[in-house]
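K.L.:
To start, I am sharing the structure in question, which I have written as structure tokens.
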Amino acid sequence: MKRDTSHRLYEEAKKLMPGGVNSPVRSFKGVGGEPLFIMRGRGPQIWDADGNEYLDYVGSWGPLILGHAHPAVVMAVREVAAKGTSFGAPGPSEVQLARLIQEAFPSMELMRLVSSGTEACMSAIRLARAYTGRNKLIKFNGCYHGHADSLLVKAGSGGATFGVPDSAGVPPSFAAETLVAEYNDLPSVERLLQAHGKDVAAVIVEPVAANMGVVLPQPGFLDGLRRLTAQAGALLIFDEVITGFRVAWGGAQAVYGVTPDLTCLGKVLGGGMPLAAYGGRRDVMQLVAPLGPMYQAGTLSGNPVAVAAGVATLTALQRPGAYQQLEETSAELEQGLRDALRQTERQGTVNRIGSVLTLFFHPGPVETWAHVAESDAKAYAHFFHGMLERGVYLAPSAYEAAFVSLAHSAQDISETVAKARQALAAV
Ligand code: KE4
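Here it is, written out as structure tokens:
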């Protein structure tokens, strides 16, 4: 494929932005090669600067569940923007969106709209610390909750239970407040709570992990976290930035029947515009300024244009059969990929829930971060480029997810599977 224009733009971009990108995962560093500069999208398709067309399974890393440039979303954004983009004052559409969110997530008795998943998670953690008066946070290896300092932390070496920075610039003293457990490993949480229980403000978890590739919660894992946090007097925070409105209208908490104290939302919520939210128990959320002493703010929080895109997206998702359609096309894709792995005698497995899935080059099962670490990232990189050459745009990282939208047709899926068979044969 001709990529001169993307290459030229990339050379220009690198003179202005670190790595020529505005978010690291876009850099193709995880798979090699140069990022494509994308010019436009429509439905399941995107086109790059050289006019090459791709079937898109990144969907801006989750938000585009309706597909690109959905007419209802575009029209809503156009109409609202023409009346002014932001006033820094409350508006009627925020009430409408908050009501829609509460319909889907009854556990969010009070909520606050913000502009990114990072802000939502950072604020929920500060709130948990304010509510409990405790400082420690437990997160899970391989889970990602945005780039706030206290979350860029990895497990300390050996027995050290305190976290250590997972990024330059994070003070060790900050990282030490974060303890790191293993996903799907309840005893690892129990050990941390036994050692630090009375200091732990919250456990934050992606109820379905999707930042180590998709790893589903084992039976009892989420219930166990609910029980352990309640016993320890810590709050349970579900980071549903990916799973919210994605795995079901009511997110993972609806699928698994486990109710957190606080929930973070993003991505689909904004339909591709900067919009996220955090919320939960009324007695906890009442600490948030201006009601209470926990401060959190934002110039563009809940701005009318982003909210309009969100309302249009959620309204379209309420169409009867929308989630059934996502389930059917995504199951088709999963089965097709499994068949292609078998037919090409490649070792791999597919983890999926709803319209979010990951193909691991690993015999399976992939149920823990340790399993993910065993999977073959080089094989994924070959597969990624093989698919890209054939006009299918997957996540440029083995540790992300593929997202199916309502715009992906059965024809698109069978085309993808046929190309996967060719790409796998070449891996
Ligand atoms: P943002 O600040 O990027 O809007 O959201 C942070 C975040 C929080 N929680 C979860 C579960 C997330 O997946 C994310 C962001 N996800 C990444 C990659 N999956 C977005 C892509 C990027 O960083 O560019």
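Using our numbering, the first residue of the sequence shown is number 6, and each one after it goes up by one.
Note that CB positions come from ideal geometry on N, CA and C, so glycine has one too.
1. List the whole-angstrom C-beta distance separating G315 from G276, where the pair is believed to meet the contact cut-off of C-beta under 8 angstroms.
2. Grab the span of the alpha helix (DSSP H) containing G341 for me, first residue to last.
3. Could you tell me whether the segment 230-247 touches the segment 154-172, using the rule of 3 or more Cβ pairs below 8 angstroms?
4. Please find out if some non-hydrogen atom of the ligand KE4 comes closer than 8 angstroms to the beta-carbon of V30.
5. Return the first residue and the last residue of the beta strand (DSSP E) that I358 is part of.
6. Kindly say whether L331, judged by its beta-carbon, lies nearer than 9 angstroms to any beta-carbon of chain D.
7. DSSP state of Y398, grouped into three classes?
8. Around the Cβ of V100, are there at least 16 other Cβ atoms within 10 angstroms (buried) or fewer (exposed)?
9. Between the segment 330-337 and the segment 291-311, are three or more C-beta pairs nearer than 8 angstroms?
10. Can you tell me whether DSSP reads H387 as helix, strand or coil?
11. For Y261, which of helix, strand or coil comes out of DSSP?
12. Answer with buried or exposed for N27, where buried requires no fewer than 16 other C-beta atoms within 10 angstroms of its C-beta.
13. Less than 8 angstroms separating the Cβ of T137 from some heavy atom of the ligand KE4?
14. Just tell me which of G297, P298, A321 and P192 has its CA closest to the CA of W254.
15. Just to confirm, does T123 get its C-beta within under 8 angstroms of one of the non-hydrogen atoms of the ligand KE4?
16. Within this structure, are the beta carbons of L319 and Y59 separated by less than 9 angstroms?
17. Hey, L429 and T363 are a contact pair by Cβ (cut 8 angstroms); roughly how many whole angstroms apart?
18. Just confirm the distance between the C-beta atoms of N216 and Y404, as a whole number of angstroms; I'd bet it's less than 8 angstroms.
19. What is the C-beta distance between M290 and L105, in whole angstroms, given that I count them as a contact (C-beta under 8 angstroms)?
20. On the criterion of 16 or more Cβ atoms from any shown chain inside 10 Å, does D9 qualify as buried, or is it exposed?
21. Express the C-alpha separation of Y300 and A206 in angstroms, rounding to a whole number.
22. Count the other C-beta atoms from every protein chain shown that fall within 10 angstroms of the C-beta of P298, then say buried if there are 16 or more, exposed otherwise.
23. G168 lies in the alpha helix (DSSP H); which residues open and close that run?
24. Can G67 be considered in contact with the ligand KE4, in the sense that its beta carbon sits closer than 8 angstroms to one or more heavy atoms?
25. Considering Cα atoms alone, identify which of F366, F42 and V361 is closest to Y62.
26. My output table needs one value for W66: the three-state DSSP class, helix, strand or coil.
27. Looking only at its chain, what residues have a beta carbon closer than 7 angstroms to the beta carbon of G168, apart from the 5 residues adjacent to it on each side?
28. Consult DSSP for L270 and reduce its assignment to one of helix, strand or coil.
29. Pull the bridge partners of W52 from the DSSP assignment, please.
30. Counting pairs of Cβ atoms below 8 angstroms between the segment 69-88 and the segment 409-421, do you hit three or more?
31. Assess contact between the segment 369-386 and the segment 191-200, defined as three or more Cβ pairs (one per stretch) separated by less than 8 angstroms. Is contact present?
32. Name the residue from T421, A239 and T264 whose alpha carbon lies nearest to the alpha carbon of L142.
33. How about E84: is its Cβ closer than 8 angstroms to a heavy atom in the ligand KE4?
34. Please indicate yes or no: does the CB of N308 lie closer than 8 angstroms to some heavy atom of the ligand KE4?
35. Using DSSP bridges, identify the partner residues of Y283.
P.N.:
To lay it out plainly:
1. The distance from the Cβ of G315 to that of G276 is about 6 angstroms, consistent with a contact at the 8 angstroms cut-off.
2. A327 to Q348
3. Flag = no, the segment 230-247 and the segment 154-172 do not touch.
4. yes
5. T354 to I358
6. Judged by its chain identifiers, the structure shown contains no chain D, having just a single protein chain.
7. Looking at Y398 - three-state DSSP - the assignment turns out to be strand.
8. With fewer than 16 other Cβ atoms within 10 Å, it is exposed.
9. no
10. helix
11. Here Y261 carries a helix assignment [DSSP, helix/strand/coil].
12. exposed
13. no
14. Comparing Cα-Cα distances from W254 to each of G297, P298, A321 and P192, the minimum goes to A321.
15. yes
16. no
17. Not a contact, Cβ separation roughly 15 angstroms.
18. 7 angstroms
19. Not quite, the Cβ-Cβ distance comes to about 18 angstroms (not below 8 angstroms), so this is no contact.
20. exposed
21. 17 angstroms
22. exposed
23. Taken as a continuous stretch (DSSP letters only), G168 belongs to no alpha helix (DSSP H), as it is neither H nor E.
24. yes
25. Minimum Cα distance to Y62 is reached at V361.
26. In the three-state reduction of the DSSP assignment, W66 falls in the helix class.
27. V158, K159, A160, G161, A180, A181, T183, L184 and V185
28. strand
29. R45 and E58
30. yes
31. Contact check between the segment 369-386 and the segment 191-200: fewer than three CB pairs, one atom from each, fall below 8 angstroms, which does not count as touching.
32. A239
33. no
34. Checking every heavy atom of the ligand KE4 against the Cβ of N308, none is found closer than 8 angstroms.
35. R117 and C269
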